[in-house]
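**Q**
Residue numbers (my numbering), protein chains in the order written: chain U, 1 to 307; chain X, 1 to 434.
1) Quick check on the DSSP output: the beta strand (DSSP E) that includes residue 175/U runs from which residue to which?
2) At which residues does the alpha helix (DSSP H) containing residue 297/U begin and terminate?
3) Would you be able to state if there are at least three C-beta pairs under 8 Å between the stretch 173 to 183 of chain U and the stretch 98 to 111 of chain U?
4) Pick from 237/X, 330/X, 303/X, 316/X: whose alpha carbon is nearest that of residue 435/X?
5) What is the DSSP secondary structure of residue 383/X, reduced to helix, strand or coil?
6) May I ask you to verify whether the stretch 2 to 17 of chain X touches the stretch 277 to 294 of chain X, counting CB pairs closer than 8 Å and requiring at least 3?
7) Taking residue 268/X as the reference, which of 86/U, 16/U, 58/U, 65/U has the closest Cα?
8) When burial is assigned at 16 or more other CB atoms within 10 Å of the CB, is residue 144/U buried or exposed?
9) When DSSP labels each residue in this structure, what does residue 82/U get in the three-state scheme?
10) Determine the direct distance from the alpha carbon of residue 75/X to that of residue 69/X, and round the result to whole angstroms.
11) Label residue 123/X either buried or exposed according to how many other C-beta atoms from any shown protein chain fall within 10 Å of its C-beta, with 16 as the threshold for buried.
12) Is there a Cβ of chain U sitting closer than 9 Å to that of residue 431/X, yes or no?
13) Can you find the residues in the same chain that come closer than 8 Å, C-beta to C-beta, to residue 100/U, ignoring five residues on each side of it along the sequence?
14) List the endpoints of the continuous beta strand (DSSP E) containing residue 14/U.
15) Would you say residue 99/X faces chain U, with C-beta separation under 9 Å as the test?
16) Round the Cβ separation of residue 189/U and residue 39/U to the nearest angstrom and send it over; I've been treating them as touching at under 8 Å.
17) Check the Cβ-Cβ distances between residue 276/X and every residue of chain U, and say whether any is below 9 Å.
18) List, in chain order, every chain X residue whose beta-carbon is nearer than 7 Å to that of residue 97/U.
19) If the cut is a Cβ gap below 9 Å, which residues of chain U does residue 259/X touch?
20) Would you mind reading off the limits of the alpha helix (DSSP H) that contains residue 335/X?
21) In whole angstroms, what separates the C-alpha of residue 203/X from that of residue 371/X?
22) Do you know how far the Cα of residue 36/U is from the Cα of residue 268/U?
23) Say whether chain X places a C-beta atom closer than 9 Å to the C-beta of residue 93/U.
24) Roughly how many angstroms lie between the CA atoms of residue 355/X and residue 77/U, to the nearest whole one?
25) What residues in the stretch 14 to 25 of chain X bring their beta carbon closer than 7 Å to a beta carbon of chain U?
26) I'd like the span of the beta strand (DSSP E) that includes residue 30/U, first residue to last.
27) Using the beta-carbon count (16 or more within 10 Å), is residue 113/U buried or exposed?
28) How about the stretch 54 to 71 of chain U and the stretch 5 to 14 of chain U: do they share at least three Cβ pairs that are nearer than 8 Å?
29) Looking at the structure shown, is residue 52/X part of a helix, part of a strand, or coil, going by DSSP?
30) If you draw a straight line from the C-alpha of residue 181/X to the C-alpha of residue 79/X, how long is it?
31) Buried or exposed, going by whether 16 or more other CB atoms sit within 10 Å of the CB of residue 305/X?
32) Could you compute how far the alpha carbon of residue 290/U sits from the alpha carbon of residue 274/U?
33) With 8 Å as the C-beta to C-beta threshold (strictly closer), list the residues of the stretch 243 to 256 of chain X near chain U in chain order.
34) Please work out which residues of its chain come closer than 6 Å, Cβ to Cβ, to residue 245/U, disregarding the five sequence neighbours upstream and downstream, and give them in chain order.
35) In terms of residue numbering, what span does the beta strand (DSSP E) encompassing residue 259/U cover?
36) With residue 206/U as the anchor, note down where its alpha helix (DSSP H) starts and where it stops.
See below:
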């Protein structure tokens, strides 16, 4: 089990991570969901020992990262956001090198390297130079390097950034597979769909803080059955806010020039829309969204995860 | 240790897969030294001829003598003489058009003045478009003027007789009033003067012995071992060590720069996330640098031995090479450890390496360097390495001769490594390399 307690990191005046705590059990996929700059990567950097936290601690099955970093890291697999590979080398040479850093050698290393490549479906291209790989293949190899030493916990930072849906599905399948095999996974992403599809528990993170945490159902439960209504039109933010805020049972979640989002409340979206049209706003388009992580993020932060 | 060796192997393998930069640096010294040897070491190359225009306004005995002298086979090897008609216009334009170094003008009445013993004057107009060759032309003309002056004094008697015989001005131009008998008598008289002067003039009173200076750093006195290379071959060997040493510094520079390249490519960050101490990564990189420098030295040595075989003191060569590897690694480590970023480090290393190469006599022989640069030589690591190799390879000296070089290279290299280690450590701890 990995436990992070009150992790804090500042860069100058800016607080990148502000007292984040969580724990992840074996076989569990724990998602850190938040927009770019929310503090997800900084959190993972502290857990992987690359950054020393200003305060807080990380333990892994009772091993404290600060006091025994080598033993801690030995059990950990790291898959960074950037594709960190040696492009001049072949896939098998890359995997063997990274495996050797974790103390594997000889036959054990060869078998582990072959297994890692097989897991990500690259056995057929094992002896090709990485520079000949597509973006998706590099991402898969990037994942294989973090798994070659069979870690008991894996940190994946935006592991599917910038790849096609097919490669993404392949990577998500591998991650699910290693979790099913008992590995604890911490997975950061800013893709709602990934978090919803993959993660057993999710922490919604923004400005270095955990805003909400729980299973997908638990998080959606926090929204109740409320739909989120989004309106686009020719209006100013203040005018929209002034017009819509007085409607009973609803709440304006966000308002910008030409776009406003509000919770439908218990009356439902249809009743709300009738009332909105009576308010005289020049509305051009309407969207109604059922309870979702994005709606929750919108409610918690006043902005959309995609912004 | 196994992990460190694995990292070293990885770096060498990467070099092997992208060999062009390394190969270029290895081939560079051979090409450069070869070009220098071909340019200055003989073979097909020849010094350029002095092209001299001669305008003979005199048309008499002296003019013919001078033209005849310049037409001698030996002189023609170095001087290309061309007679021109009376130049009335722009001499400079003519010189430029003819690509000549100078115009020698023989004034009207020169022969008459010469025969009469009156002061005469030769006029040399130098081309402003050339730098060295006009100097040569001036020296040549000065020698000819000196010869004419000496001849005028020596042959005073016969010349007076020629004058008395009322040879027309422009003597010899069209025959004259002297009979064959009289001409023969004057010739015998002139021959007698020359014969009497022969013991003083013709035996070499002063002998010129030309010799080629030994290579910089060689023991006093020219020494050439049996079977030793000559000409362009020895020049090749003279320049090869210095340029090779410079190349090794550049190779080491590339390898240590790789720390920052890996930081940019995020592979360093990934390594540091593994169960390693940061120092091991740096040790591995330094070892890879040393290994590549060592392999490159072996390559250059083998190639150098094939192209210009020499017997060298093996112990001295190996020890000096080891010291050089330490020096190049330490230098590169210090440059990139101190630099704020990859570009700054590359610039710093390139500039300092070039200064060390010039001051160390890698490109230009030390004797040809200006005094200021020569005074900097002992502060150049390339100087100590180059001098060491020249002593071993060119001069055929032994281990004892290069021990100071070994001590300085290894000592300074180790010192630079020791100084740079905390610099790297500090950067790693600050997260600058992630």
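Even for Gly, the Cβ is constructed at its ideal location relative to N, Cα and C.
**A** Working from what's here:
1) As a first step, residue 175/U must be located in the first chain, where it is residue number 175. Where residue 175/U is concerned, there is no enclosing beta strand (DSSP E), although the alpha helix (DSSP H) it sits in stretches over 165 to 180.
2) Taking the first chain and counting its residues from 1, one reaches residue 297/U at position 297. Start and end: 293 to 301.
3) no
4) With chain X running from 1 to 434 in the structure shown, residue 435/X is simply not present.
5) Position 383 of the second chain, counting from 1, holds the residue named residue 383/X. Of the three classes helix, strand and coil, the one that applies to residue 383/X here is helix, per DSSP.
6) yes
7) Position 268 of the second chain holds residue 268/X. Per the Cα distances, 86/U.
8) Residue 144/U sits at position 144 when you count from the first residue of the first chain. Residue 144/U should be labelled buried.
9) Reading the first chain from its first residue, position 82 is the one you call residue 82/U. Residue 82/U falls in the coil class under three-state DSSP.
10) As a position in the second chain, residue 69/X is number 69, starting the count at 1. As a position in the second chain, residue 75/X is number 75, starting the count at 1. Between residue 69/X and residue 75/X, the C-alpha separation is close to 8 Å.
11) On the second chain, residue 123/X is found 123 positions in, with the first residue counted as 1. Looking at its Cβ environment, which holds fewer than 16 other Cβ atoms inside 10 Å, residue 123/X is exposed.
12) Position 431 of the second chain, counted from the start, is the residue given in the question as residue 431/X. Output row for residue 431/X: interface = yes.
13) Mapped onto the first chain, residue 100/U falls at position 100. Once the five neighbours on either side are set aside, the close Cβ partners of residue 100/U are 109.
14) To locate residue 14/U, count along the first chain from 1; it is residue 14. 14 to 24 is the extent of the beta strand (DSSP E) around residue 14/U.
15) Taking the second chain and counting its residues from 1, the one referred to as residue 99/X is at position 99. Not an interface residue.
16) Here residue 189/U corresponds to residue number 189 of the first chain, with the count starting at 1. Here residue 39/U corresponds to residue number 39 of the first chain, with the count starting at 1. The pair is not a contact, with the Cβ atoms about 14 Å apart (cut-off 8 Å).
17) Within the second chain, the letter at position 276 stands for residue 276/X. Closer than 9 Å: yes.
18) Taking the first residue of the first chain as 1, we reach residue 97/U at position 97. Per Cβ cutoff of 7 Å: 6, 10.
19) Sequence index remark: in the second chain, residue 259/X carries index 259 (1-based). Result: empty, since nearest Cβ-Cβ is about 14 Å, beyond 9 Å.
20) Counting from one through the second chain, the residue named residue 335/X turns up at place 335. Element bounds for residue 335/X: 314 to 338.
21) As a working note, residue 203/X is residue 203 in the second chain. As a working note, residue 371/X is residue 371 in the second chain. Annotation note: pLDDT 48 at residue 203/X (below 50); position unreliable, coordinate value reported separately. Looking at the two C-alpha atoms, the distance is approximately 41 Å.
22) The residue given as residue 268/U occupies position 268 in the first chain. The residue given as residue 36/U occupies position 36 in the first chain. So the alpha carbons of these two residues sit roughly 32 Å apart.
23) Working through the first chain from its first residue, we reach residue 93/U at position 93. Cβ-Cβ to chain X under 9 Å: yes for residue 93/U.
24) As a first step, residue 355/X must be located in the second chain, where it is residue number 355. As a first step, residue 77/U must be located in the first chain, where it is residue number 77. Rounded to the nearest angstrom, the two C-alpha atoms are 47 Å apart.
25) 14, 17, 18
26) On the first chain, residue 30/U is found 30 positions in, with the first residue counted as 1. Here the beta strand (DSSP E) through residue 30/U covers 29 to 33.
27) The residue labelled residue 113/U in the question sits at position 113 within the first chain. Under this definition residue 113/U is a buried residue.
28) yes
29) The count along the second chain starts at 1 and reaches residue 52/X at position 52. Strand at residue 52/X.
30) Position 181 of the second chain, counted from the start, is the residue given in the question as residue 181/X. Position 79 of the second chain, counted from the start, is the residue given in the question as residue 79/X. If I take the Cα positions, the gap works out to 38 Å.
31) Here the question's residue 305/X lines up with position 305 in the second chain. Exposed: under 16 other Cβ atoms inside 10 Å.
32) Counting from one through the first chain, the residue named residue 290/U turns up at place 290. Counting from one through the first chain, the residue named residue 274/U turns up at place 274. Cα to Cα, the separation comes out at about 18 Å.
33) none
34) The sequence position of residue 245/U within the first chain is 245, counting from 1. Same-chain partners within the cutoff: 252.
35) The residue labelled residue 259/U in the question sits at position 259 within the first chain. Per DSSP, residue 259/U belongs to the beta strand (DSSP E) from 259 to 263.
36) Indexing the first chain from 1 puts residue 206/U at position 206. From DSSP, residue 206/U is part of no alpha helix (DSSP H) but of the beta strand (DSSP E) over 201 to 206.
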